[in-house]
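Student:
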Amino acid sequence: MIEVKELTKTYKVGSDIIKAVDHVNLEVRKGEFISILGHSGSGKTTLLSLIGGLTKPDSGTVKIDGIDIWSISDNDLSELRNRKINFIYQFASLIPTLNIIENVLVPTAFRPKDEPINYYEFAMELLDIVGIKDKARSYPAHLSGGQQRRAAIARAFINNPEIILADEPTGDLDEETEAEIMDLFKRMNQTKGITFIIVTHSSDLARQTEKRYRMANGVLKEET
Ligand SMILES: Nc1ncnc2c1ncn2[C@@H]1O[C@H](COP(=O)(O)OP(=O)(O)O)[C@@H](O)[C@H]1O
Ligand SMILES: [Mg+2]
């Protein structure tokens, strides 16, 4: 459960004050799949990074499962992020010198060594789900843009996140790949109960989610 109350973030640029996020309220229940639609500059990325604990708000609160994420220590916040939250960005930044399966395994490097899970097998399963199992030993440069995106998405699921914050995840992809990735997200939502917040400027994409919000000038409103 995510509870956002009166969240505000302003930036000072020269003598201008930009209200990137302006008194936003939002509740997302476990397993919900929501979209936030808005033009470029409306505050979507800032809102996601506030919710994900990457940017500190000026005021307001973000609670994840009842924990006010800005009231806990840096260590506890990193731990909470590592355990529960994952980001998917528009530009998949795979490490070029690692092959695909090694890229997917990168986030597990920080997990306790005694965890009772075979991450290698899980990574292969994820690559299978995203449809690029046959590319496990290939290097990113040898994959198409869409395949690289799939690899980045597999990587986002390796630590079994409860929440995925996706920032224009299909931004530069063709419609067919976009539809496939949305299907993949929905499958992850339905089979694993992962909560999704998807930010987009595509109303087609937003229309596919049960609950929709719109953001303009830092202000968030639910679409009815
Ligand atoms: N680090 C920053 N410093 C100054 N201004 C910023 C910063 N990040 C975002 N902004 C400004 O905040 C507003 C919202 O930006 P952003 O959250 O990136 O919007 P979106 O993701 O919807 O395009 C924009 O006017 C942007 O220029
Ligand atoms: Mg953005």
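For what it's worth, numbering that gives the first Met the number 0 labels the leading residue of the sequence shown as 0, then goes sequentially. Glycine included, each C-beta is placed from N, C-alpha and C at the ideal position.
1) For residue 142, which residues in the same chain have their Cβ closer than 8 Å to its Cβ, ignoring the five residues on either side in sequence?
2) If the criterion is Cβ atoms closer than 8 Å, does the pair residue 43 and residue 35 meet it?
3) Measure from the alpha carbon of residue 52 to the alpha carbon of each residue in 80, 4, 12, then state which is nearest.
4) Determine the extent of the beta strand (DSSP E) in which residue 165 is found, giving its start and end residues.
5) For the candidate residues 136, 121, 38, 119, whose alpha-carbon lies nearest to that of residue 96?
6) Which residues share a DSSP beta bridge with residue 67?
7) Mind checking which residues open and close the beta strand (DSSP E) that includes residue 15?
8) Take the Cβ of residue 45 as the centre, count every other Cβ of all protein chains shown within 10 Å, and call the residue buried at 16 or more, exposed below.
9) Out of 18, 12, 26, 6, which one is the CA nearest neighbour of residue 210?
10) Can you find the residues in the same chain that come closer than 7 Å, C-beta to C-beta, to residue 20, ignoring five residues on each side of it along the sequence?
11) Using the Cα positions of residue 123 and residue 159, report the straight-line distance between them to the nearest angstrom.
12) Going by CA-CA distance only, name the one from 215, 28, 147 that's closest to residue 241.
13) Applying the 10 Å Cβ sphere with the 16-neighbour rule, what's the burial state of residue 153?
14) Could you give the DSSP three-state label for residue 196: helix, strand or coil?
Tutor: Taking the definition as stated:
1) Only 99, 131, 134, 150 meet the Cβ criterion.
2) Inclusion of residue 43 and residue 35 in the CB contact set at 8 Å is warranted, their separation being smaller than that value.
3) For residue 52, the nearest C-alpha among the options comes from 80.
4) 162-166 is the extent of the beta strand (DSSP E) around residue 165.
5) The residue with the shortest Cα to Cα distance from residue 96 is 136.
6) Under DSSP, residue 67 takes part in a beta bridge, and its partners are 62.
7) Annotation: the continuous beta strand (DSSP E) that includes residue 15 extends over 15-27.
8) It counts as buried.
9) Among 18, 12, 26, 6, the Cα nearest to that of residue 210 is on 26.
10) 6, 7, 8, 42, 45, 46, 49, 217, listed in sequence order.
11) So the two alpha carbons sit approximately 14 Å from each other.
12) Because the chain here runs from 0 to 223, residue 241 falls outside it and cannot be looked at.
13) By the 10 Å Cβ count, residue 153 comes out buried.
14) Of the three classes helix, strand and coil, the one that applies to residue 196 here is strand, per DSSP.
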